[in-house]
Amino acid sequence: ASVRSARVARAARSAPRTVRAVAAMAKKSVGDLTKEDLEGKKVFVRADLNVPLDADLNISDDTRVRAAIPTLKYLVDNGAKVLLTSHLGRPKSGPEDKFRLNPVVPRLSELLGIEVKKVDDCIGEEVEAAASKLENGEVLVLDNVRFYSEETANDADFAEKLAANADLYVNDAFGTAHRAHASTEGVTKFLSPAVAGFCMQKELDYLDGAVAEPTRPFAAIVGGSKVSSKIGVIESLLNKCDKLFLGGGMIFTFYKAKGLDTGSSLVEDDKIDLAKELMAKAEEKGVEIVLPTDVVVADAFDAEANTQVVSAEEIPEGWMGLDIGPDSLKTFQGKLEECKSVIWNGPMGVFEMDAFAKGTFGVADTLAKMGENGAITIIGGGDSVAAVEKAGLAEKMSHISTGGGASLELLEGKTLPGVAALNEA
Numbered sequence: 009a010s011v012r013s014a015r016v017a018r019a020a021r022s023a024p025r026t027v028r029a030v031a032a033m034a035k036k037s038v039g040d041l042t043k044e045d046l047e048g049k050k051v052f053v054r055a056d057l058n059v060p061l062d063a064d065l066n067i068s069d070d071t072r073v074r075a076a077i078p079t080l081k082y083l084v085d086n087g088a089k090v091l092l093t094s095h096l097g098r099p100k101s102g103p104e105d106k107f108r109l110n111p112v113v114p115r116l117s118e119l120l121g122i123e124v125k126k127v128d129d130c131i132g133e134e135v136e137a138a139a140s141k142l143e144n145g146e147v148l149v150l151d152n153v154r155f156y157s158e159e160t161a162n163d164a165d166f167a168e169k170l171a172a173n174a175d176l177y178v179n180d181a182f183g184t185a186h187r188a189h190a191s192t193e194g195v196t197k198f199l200s201p202a203v204a205g206f207c208m209q210k211e212l213d214y215l216d217g218a219v220a221e222p223t224r225p226f227a228a229i230v231g232g233s234k235v236s237s238k239i240g241v242i243e244s245l246l247n248k249c250d251k252l253f254l255g256g257g258m259i260f261t262f263y264k265a266k267g268l269d270t271g272s273s274l275v276e277d278d279k280i281d282l283a284k285e286l287m288a289k290a291e292e293k294g295v296e297i298v299l300p301t302d303v304v305v306a307d308a309f310d311a312e313a314n315t316q317v318v319s320a321e322e323i324p325e326g327w328m329g330l331d332i333g334p335d336s337l338k339t340f341q342g343k344l345e346e347c348k349s350v351i352w353n354g355p356m357g358v359f360e361m362d363a364f365a366k367g368t369f370g371v372a373d374t375l376a377k378m379g380e381n382g383a384i385t386i387i388g389g390g391d392s393v394a395a396v397e398k399a400g401l402a403e404k405m406s407h408i409s410t411g412g413g414a415s416l417e418l419l420e421g422k423t424l425p426g427v428a429a430l431n432e433a
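Printed below as a string of structure tokens:
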């Protein structure tokens, strides 16, 4: 436990409190491996290098490449021979040049300060030949694992071929941990130890640990357009949080459940009863649900639409709510500032349009200030990550999850196959 808490303290240096992950999720980490464990060993690393590329195949956002560096640097510095792979895009059948991992190689070389090598396959003789020539501390990129349909089918023979040139396994691809694929789950049957990379470890420490054993009062902010996509998250967080703040298009289903008129706002009529159940459950558990009291409405779903701020109880016919209003933001800010830890998943409005971005950016700003005052602030994947980055506040958060679907499933309390397959700490 002391090794683990030391590791978490290191991972949590941006947050003033140590974040403990629950025992069930405590996995062995690459940081638990010594030079003796790694020197001269071939390590198969599954990272998430699925970066956005422009028309000329240049990287337009290198966040994921940078996220992989701490694990790679640790392995290189400890004399390992690194076989690094990932998926990129969605190749239909077989290799396509636009989905090759070539664009990430120069950036990896630059960030690691060494010449990173690459082969045009992830299994077979070419890989075997290149792997056998690796010196200690060198990195070889194997091409896109999804050039083979056996990857997503988690085919055992393919997993064995991926593992054939390596001695041990590191999974640093949290974004695909909710999928049982050959490179995320299958290879662990052929390589031991199988451990979490630093990126994966930090995700588990925050999304699982900080949520399972939160520093209280603990707030959850859930936004996004539909209740249906966040049911699991809301139900799971209701068991753990002290206050639940709701924003985004989903609030109108809750308003309708309370008998309010919602104009032409997005409402999931088949989820009205569920919204009533969730509100009743919150009351029963003593969790305060904070719904916006005013909204910014528009006469069309358009950046140039006419807008007005109205009370949640007075949404006019033919107008749709596209952001939380200024009074709601003030209320949210006041109640959030009482909390010592907060997780945020989903925007407060259609923040891609400036007219409906104030609620989302206002919440981001509040979380940044809370972090400066010692609170733990976790951005739990998806659009809220984009919002925090667009607001230029990413550096101010304790943790920003790179996970998307994996973040949601972990917050819902589901077991992630790519995590379950790793060795226990």
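Numbers in the working numbering are just positions in the sequence shown, counted from 1, shifted up by 8. A virtual CB, placed ideally from N, CA and C, is assigned to each residue, including glycine. Only a predicted model underlies this, so the values are computations on that prediction, with no experimental measurement involved.
Chain B contact for residue i (CB, 7 Å cutoff)
i      : result
Glu104 : Included in the structure is just one protein chain, with no chain B present.
Run of the beta strand (DSSP E) containing residue i, from where it starts to where it stops
i      : result
Arg54  : 50-54
Thr93  : 89-93
Ile384 : 384-387
Backbone secondary structure at residue i - three-state DSSP
i      : result
Ala29  : The pLDDT assigned to Ala29 is 36, lower than 50, so where the model puts this residue is not dependable; a value taken from the coordinates is nonetheless given after this. Three-state result, Ala29: coil.
Met328 : strand
Lys36  : coil
Asp302 : strand
Ser349 : strand
Glu158 : helix
Ile131 : coil
Glu47  : coil
Glu291 : helix
Glu432 : strand
Glu296 : strand
Glu118 : helix
Lys234 : coil
Lys7   : Look at the range of the chain in this structure, 9 to 433, and you will see that residue 7 is not part of it.
Arg187 : coil
Val73  : helix
Gly271 : coil
Top-ranked residue by Cα proximity to residue i, from the options
i      : options                        : result
Glu47  : Ile259, Ala185, Glu143         : Glu143
Arg224 : Cys347, Lys210, Phe206, Phe253 : Cys347
Gly329 : Ser349, Glu345, Ala308, Glu312 : Ala308
Met378 : Met361, Val350, Asp70          : Val350
Gly412 : Gly390, Val396, Pro99, Gly400  : Gly390
Tyr263 : Glu146, Lys289, Asp302         : Asp302
Gly87  : Lys43, Asn66, Ala75, Pro111    : Lys43
Thr160 : Asn179, Thr184, Thr374         : Thr184
Ala320 : Val304, Lys398, Leu401         : Val304
Thr423 : Leu212, Asp69, Val393          : Leu212
Leu419 : Cys249, Asp85, Leu401, Gly255  : Cys249
Arg187 : Gln316, Ala414, Thr196, Leu430 : Ala414
Asp64  : Pro111, Gly388, Phe340, Asp45  : Pro111
Leu83  : Phe364, Leu61, Tyr177, Glu432  : Tyr177
Glu403 : Leu375, Glu417, Glu312         : Leu375
Supposed close pair residue i, residue j - CB separation, criterion 8 Å
i      : j      : result
Asn162 : Glu193 : 6 Å
Lys50  : Ala164 : Rounded, the Cβ-Cβ distance is 21 Å, inconsistent with contact.
Phe166 : Gly102 : Going by Cβ atoms, the distance from Phe166 to Gly102 rounds to 14 Å, so no, they are not a contact pair.
Pro114 : Phe107 : Incorrect: roughly 17 Å between the Cβ atoms, too far for contact.
Leu299 : Ile239 : Incorrect: roughly 17 Å between the Cβ atoms, too far for contact.
Asp151 : Val127 : 7 Å
Ile332 : Gly354 : Going by Cβ atoms, the distance from Ile332 to Gly354 rounds to 12 Å, so no, they are not a contact pair.
Leu274 : Ser233 : 6 Å
Leu96  : Leu109 : 6 Å
Gly255 : Gly271 : Incorrect: roughly 17 Å between the Cβ atoms, too far for contact.
Residues sharing a beta bridge with residue i, DSSP
i      : result
Lys126 : Val149
Asn179 : Arg54, Ala204
Ala228 : Leu252, Ile351
Ser319 : Asp302
Leu416 : Leu416 pairs with nothing; no bridge assigned.
Leu109 : According to DSSP, Leu109 bridges with nothing at all.
Leu61  : Ile67
Ile242 : Looking at the DSSP assignment, Ile242 forms no beta bridge with any residue, so it has no partner.
Ile408 : Ile387
Start and end residues, alpha helix (DSSP H) containing residue i
i      : result
Met361 : That residue, Met361, is in no alpha helix (DSSP H); it is neither H nor E in DSSP.
Leu170 : 164-171
Ser392 : 391-398
Tyr263 : 259-265
Thr339 : 334-344
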